[in-house]
Amino acid sequence: MRVTRFTLAVSRLISYLCAGSLPNVVETYTSLDSFMNQVSPSPETLSAAREAVDVLQRGGIILYPTDTIWGLGCDATNEEAVDRLSALKGRPTGKPMLMLVDSDMRIPSYVRTVPSMAYQLIDVAVRPLTIIYPGGRNVAPQLLAEDGSIGIRIASDTLCQEICRLLRRPLVSTSANLAGTTSPHNYSEIDHELIKLVDYVVPLRQEEHIDGMPSDIIKLGLNNEVRVIR
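Start counting the sequence shown at 0; every next residue gets the next number (numbering that gives the first Met the number 0).
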(Lines of atoms letter the chains of each structure in order from A; the text may use other names.)
(Lines give C-alpha, C1' and ligand atoms only; values in the text may rest on other atoms or scores of the structure.)
Protein backbone atom coordinates (compact mmCIF):
# COMPACT_ATOMS: atom_id res chain seq x y z
CA MET A 0 0.00 0.00 0.00
CA ARG A 1 2.81 2.37 0.85
CA VAL A 2 4.50 1.74 -2.51
CA THR A 3 1.26 2.47 -4.33
CA ARG A 4 0.73 5.70 -2.42
CA PHE A 5 4.32 6.76 -3.03
CA THR A 6 4.00 6.05 -6.75
CA LEU A 7 0.89 8.21 -6.83
CA ALA A 8 2.70 10.98 -4.99
CA VAL A 9 5.61 10.90 -7.43
CA SER A 10 3.21 10.84 -10.37
CA ARG A 11 1.44 13.94 -9.13
CA LEU A 12 4.74 15.63 -8.34
CA ILE A 13 5.92 15.02 -11.90
CA SER A 14 2.72 16.59 -13.23
CA TYR A 15 3.53 19.76 -11.32
CA LEU A 16 7.12 19.74 -12.58
CA CYS A 17 5.94 19.39 -16.17
CA ALA A 18 3.69 22.39 -15.58
CA GLY A 19 6.73 24.42 -14.56
CA SER A 20 5.97 24.50 -10.84
CA LEU A 21 9.27 23.09 -9.53
CA PRO A 22 10.36 26.15 -7.47
CA ASN A 23 6.97 26.36 -5.80
CA VAL A 24 6.96 22.65 -5.01
CA VAL A 25 10.47 22.63 -3.58
CA GLU A 26 10.14 25.81 -1.54
CA THR A 27 6.64 25.51 -0.12
CA TYR A 28 5.57 21.87 -0.01
CA THR A 29 5.65 20.71 3.58
CA SER A 30 3.67 17.50 3.69
CA LEU A 31 4.43 14.88 1.04
CA ASP A 32 2.08 12.55 2.88
CA SER A 33 -0.93 14.64 1.87
CA PHE A 34 0.06 14.00 -1.77
CA MET A 35 0.28 10.31 -1.01
CA ASN A 36 -3.17 10.25 0.55
CA GLN A 37 -4.85 11.58 -2.59
CA VAL A 38 -6.88 9.04 -4.55
CA SER A 39 -6.65 8.73 -8.31
CA PRO A 40 -9.90 10.04 -9.83
CA SER A 41 -12.22 7.73 -11.74
CA PRO A 42 -12.75 8.45 -15.47
CA GLU A 43 -16.16 9.93 -14.63
CA THR A 44 -14.68 12.20 -11.97
CA LEU A 45 -11.85 13.31 -14.24
CA SER A 46 -14.26 14.08 -17.07
CA ALA A 47 -16.52 16.12 -14.78
CA ALA A 48 -13.52 17.97 -13.35
CA ARG A 49 -12.31 18.89 -16.83
CA GLU A 50 -15.75 20.17 -17.81
CA ALA A 51 -15.92 22.20 -14.61
CA VAL A 52 -12.48 23.71 -15.14
CA ASP A 53 -13.36 24.73 -18.69
CA VAL A 54 -16.32 26.68 -17.29
CA LEU A 55 -14.32 28.14 -14.40
CA GLN A 56 -11.57 29.38 -16.69
CA ARG A 57 -14.18 31.35 -18.61
CA GLY A 58 -15.44 33.02 -15.45
CA GLY A 59 -18.39 30.71 -14.96
CA ILE A 60 -20.08 29.33 -11.85
CA ILE A 61 -20.39 25.63 -11.10
CA LEU A 62 -22.68 23.58 -8.86
CA TYR A 63 -20.82 20.63 -7.38
CA PRO A 64 -20.78 18.08 -4.53
CA THR A 65 -18.07 18.72 -1.94
CA ASP A 66 -16.68 16.85 1.05
CA THR A 67 -19.30 18.58 3.22
CA ILE A 68 -22.40 19.59 1.22
CA TRP A 69 -23.47 20.63 -2.28
CA GLY A 70 -21.71 23.86 -3.14
CA LEU A 71 -21.39 26.70 -5.61
CA GLY A 72 -17.97 27.63 -6.88
CA CYS A 73 -15.96 29.92 -9.11
CA ASP A 74 -12.34 30.88 -9.74
CA ALA A 75 -11.23 32.59 -6.52
CA THR A 76 -8.94 34.94 -8.45
CA ASN A 77 -11.71 36.24 -10.75
CA GLU A 78 -13.35 39.33 -9.22
CA GLU A 79 -16.28 39.39 -11.65
CA ALA A 80 -17.05 35.72 -11.05
CA VAL A 81 -16.96 36.20 -7.27
CA ASP A 82 -19.30 39.19 -7.54
CA ARG A 83 -21.70 37.21 -9.71
CA LEU A 84 -21.68 34.29 -7.29
CA SER A 85 -22.47 36.54 -4.32
CA ALA A 86 -25.31 38.18 -6.25
CA LEU A 87 -26.67 34.79 -7.33
CA LYS A 88 -26.94 33.71 -3.68
CA GLY A 89 -28.20 37.07 -2.48
CA ARG A 90 -25.23 37.11 -0.15
CA PRO A 91 -24.52 40.43 1.62
CA THR A 92 -21.45 42.30 0.43
CA GLY A 93 -18.63 42.26 2.92
CA LYS A 94 -19.31 38.64 3.92
CA PRO A 95 -16.32 36.66 2.57
CA MET A 96 -16.55 33.12 1.24
CA LEU A 97 -13.94 30.44 1.85
CA MET A 98 -11.89 28.78 -0.86
CA LEU A 99 -10.54 25.29 -1.54
CA VAL A 100 -7.05 24.24 -2.56
CA ASP A 101 -5.81 20.75 -3.42
CA SER A 102 -2.86 20.59 -1.02
CA ASP A 103 -1.03 22.54 1.67
CA MET A 104 1.72 23.43 -0.81
CA ARG A 105 -0.70 25.97 -2.31
CA ILE A 106 -1.29 27.93 0.88
CA PRO A 107 1.81 30.21 0.75
CA SER A 108 0.69 31.45 -2.67
CA TYR A 109 -2.40 33.00 -1.08
CA VAL A 110 -1.21 33.88 2.44
CA ARG A 111 1.54 36.42 3.07
CA THR A 112 2.94 34.66 6.13
CA VAL A 113 1.68 31.19 7.02
CA PRO A 114 1.69 30.57 10.80
CA SER A 115 3.64 27.39 11.56
CA MET A 116 0.71 26.11 13.63
CA ALA A 117 -1.32 25.78 10.42
CA TYR A 118 0.59 22.77 9.17
CA GLN A 119 0.31 21.03 12.53
CA LEU A 120 -3.46 21.54 12.52
CA ILE A 121 -3.73 20.25 8.96
CA ASP A 122 -1.75 17.13 9.84
CA VAL A 123 -3.94 16.19 12.81
CA ALA A 124 -7.34 17.16 11.36
CA VAL A 125 -9.72 14.20 11.12
CA ARG A 126 -12.59 16.10 9.49
CA PRO A 127 -12.84 19.02 7.05
CA LEU A 128 -11.00 22.01 8.50
CA THR A 129 -11.17 25.62 7.38
CA ILE A 130 -8.34 27.78 8.65
CA ILE A 131 -8.64 31.55 8.58
CA TYR A 132 -5.19 32.93 7.86
CA PRO A 133 -3.89 36.46 8.41
CA GLY A 134 -2.92 38.46 5.34
CA GLY A 135 -4.56 36.87 2.31
CA ARG A 136 -3.22 37.73 -1.15
CA ASN A 137 -3.48 36.93 -4.88
CA VAL A 138 -7.25 36.36 -4.77
CA ALA A 139 -10.34 38.45 -5.50
CA PRO A 140 -10.43 41.15 -2.78
CA GLN A 141 -14.05 40.28 -1.96
CA LEU A 142 -12.78 37.06 -0.38
CA LEU A 143 -10.78 38.95 2.24
CA ALA A 144 -12.31 39.95 5.56
CA GLU A 145 -12.00 43.51 6.84
CA ASP A 146 -8.81 42.56 8.68
CA GLY A 147 -7.35 41.08 5.49
CA SER A 148 -7.71 37.46 6.60
CA ILE A 149 -8.83 34.65 4.32
CA GLY A 150 -10.48 31.26 4.85
CA ILE A 151 -8.87 28.25 3.16
CA ARG A 152 -9.71 24.55 3.30
CA ILE A 153 -7.74 21.70 1.77
CA ALA A 154 -10.22 19.64 -0.23
CA SER A 155 -10.48 16.01 0.83
CA ASP A 156 -13.00 15.09 -1.86
CA THR A 157 -11.42 13.61 -5.00
CA LEU A 158 -13.54 15.71 -7.37
CA CYS A 159 -12.70 18.96 -5.60
CA GLN A 160 -9.02 18.05 -5.47
CA GLU A 161 -8.98 17.36 -9.19
CA ILE A 162 -10.81 20.59 -10.06
CA CYS A 163 -8.32 22.61 -8.02
CA ARG A 164 -5.37 20.72 -9.48
CA LEU A 165 -6.46 21.24 -13.08
CA LEU A 166 -7.53 24.84 -12.51
CA ARG A 167 -4.24 25.61 -10.76
CA ARG A 168 -6.07 28.24 -8.77
CA PRO A 169 -8.18 28.16 -5.61
CA LEU A 170 -11.88 27.38 -5.91
CA VAL A 171 -14.51 29.40 -4.07
CA SER A 172 -16.74 27.11 -2.01
CA THR A 173 -20.08 28.26 -0.64
CA SER A 174 -23.25 26.30 0.08
CA ALA A 175 -25.67 25.84 -2.82
CA ASN A 176 -28.54 27.80 -1.34
CA LEU A 177 -29.95 31.29 -1.28
CA ALA A 178 -28.76 33.41 1.63
CA GLY A 179 -30.78 32.66 4.75
CA THR A 180 -32.03 29.23 3.64
CA THR A 181 -30.92 25.73 4.64
CA SER A 182 -27.77 24.26 3.10
CA PRO A 183 -28.58 21.23 0.89
CA HIS A 184 -27.19 17.76 1.55
CA ASN A 185 -29.14 16.29 -1.38
CA TYR A 186 -29.13 17.54 -4.95
CA SER A 187 -32.93 17.33 -4.88
CA GLU A 188 -32.99 19.94 -2.09
CA ILE A 189 -31.36 22.62 -4.23
CA ASP A 190 -33.62 25.45 -5.43
CA HIS A 191 -34.49 24.83 -9.10
CA GLU A 192 -34.16 28.52 -9.91
CA LEU A 193 -30.64 28.47 -8.49
CA ILE A 194 -29.74 25.50 -10.69
CA LYS A 195 -30.86 27.43 -13.78
CA LEU A 196 -28.51 30.30 -12.95
CA VAL A 197 -25.25 28.33 -12.82
CA ASP A 198 -23.12 27.55 -15.88
CA TYR A 199 -22.34 23.91 -15.14
CA VAL A 200 -23.82 21.24 -12.88
CA VAL A 201 -21.48 18.37 -12.02
CA PRO A 202 -23.34 15.18 -13.04
CA LEU A 203 -22.08 13.12 -10.11
CA ARG A 204 -23.56 12.03 -6.76
CA GLN A 205 -26.94 13.57 -7.59
CA GLU A 206 -28.79 10.60 -6.09
CA GLU A 207 -26.57 10.47 -3.03
CA HIS A 208 -27.17 11.95 0.40
CA ILE A 209 -24.04 13.78 1.48
CA ASP A 210 -23.65 13.25 5.21
CA GLY A 211 -20.81 15.71 5.58
CA MET A 212 -21.03 18.25 8.38
CA PRO A 213 -19.90 21.87 7.99
CA SER A 214 -16.16 22.16 8.39
CA ASP A 215 -14.50 23.10 11.64
CA ILE A 216 -13.25 26.70 11.54
CA ILE A 217 -10.12 27.92 13.31
CA LYS A 218 -8.61 31.39 13.03
CA LEU A 219 -4.85 31.78 13.37
CA GLY A 220 -2.79 34.86 14.19
CA LEU A 221 0.70 35.64 12.94
CA ASN A 222 2.14 34.48 16.26
CA ASN A 223 0.14 31.23 16.21
CA GLU A 224 -2.72 32.59 18.31
CA VAL A 225 -5.62 30.16 17.95
CA ARG A 226 -9.31 31.03 18.02
CA VAL A 227 -11.87 28.27 17.54
CA ILE A 228 -14.85 29.69 15.65
CA ARG A 229 -16.77 26.44 14.98
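Even glycine gets a Cβ: it sits at the ideal position worked out from N, Cα and C. Every value quoted in this text rests on a predicted model; they were computed, and no experiment measured them.
A direct Cα-to-Cα measurement between Cys159 and Pro91 gives close to 26 Å. Val138 sits buried, since 16 or more C-beta atoms from the chains shown fall within 10 Å of its C-beta.
Using a Cβ-Cβ distance cut-off of 8 Å, the stretch 123 to 130 and the stretch 190 to 209 are not in contact, since fewer than three pairs of beta carbons, one from each stretch, lie closer than that value. Counting C-beta pairs closer than 8 Å gives fewer than three between the stretch 199 to 216 and the stretch 101 to 113, which falls short of the contact rule.
Val52 sits buried, since 16 or more C-beta atoms from the chains shown fall within 10 Å of its C-beta. The beta-carbon distance between Arg152 and Ser172, rounded to whole angstroms, is 7 Å. This is short enough to meet the 8 Å contact definition. Taking the CA atoms as reference points, Gly89 sits about 27 Å from Ala47. For Lys218, the uninterrupted beta strand (DSSP E) segment begins and ends at 215 to 219.
Secondary structure at Ile228: coil, using DSSP grouped into helix, strand and coil. Under the three-state reduction of DSSP output, Ile121 falls in the helix class.
The criterion of a C-beta distance shorter than 8 Å is not satisfied by Met116 and Leu221. Only residues of its own chain outside the window of five on either side were considered, and among them none has a CB closer than 7 Å to the CB of Glu224.
Taking 8 Å as the cut-off, the Cβ atoms of Leu99 and Leu170 count as close. Within the stretch 163 to 215, the runs of alpha helix (DSSP H) at least 4 residues long that lie entirely inside it are, in chain order, 191 to 196. Secondary structure within the stretch 53 to 82: the beta strand (DSSP E) runs of 3 or more consecutive residues, fully enclosed, are 61 to 64, 69 to 72 (chain order). Ranked by Cα distance from Thr65, the first of Ile217, Arg229, Leu203, Ile228 is Leu203. A direct Cα-to-Cα measurement between Ile68 and Pro183 gives close to 6 Å. The Cβ atoms of Tyr199 and Val54 lie closer than 8 Å to each other. As the crow flies, the alpha-carbon of Cys163 is around 11 Å from that of Asp156.
Annotated three-state conformation of Arg90 is coil, per DSSP.
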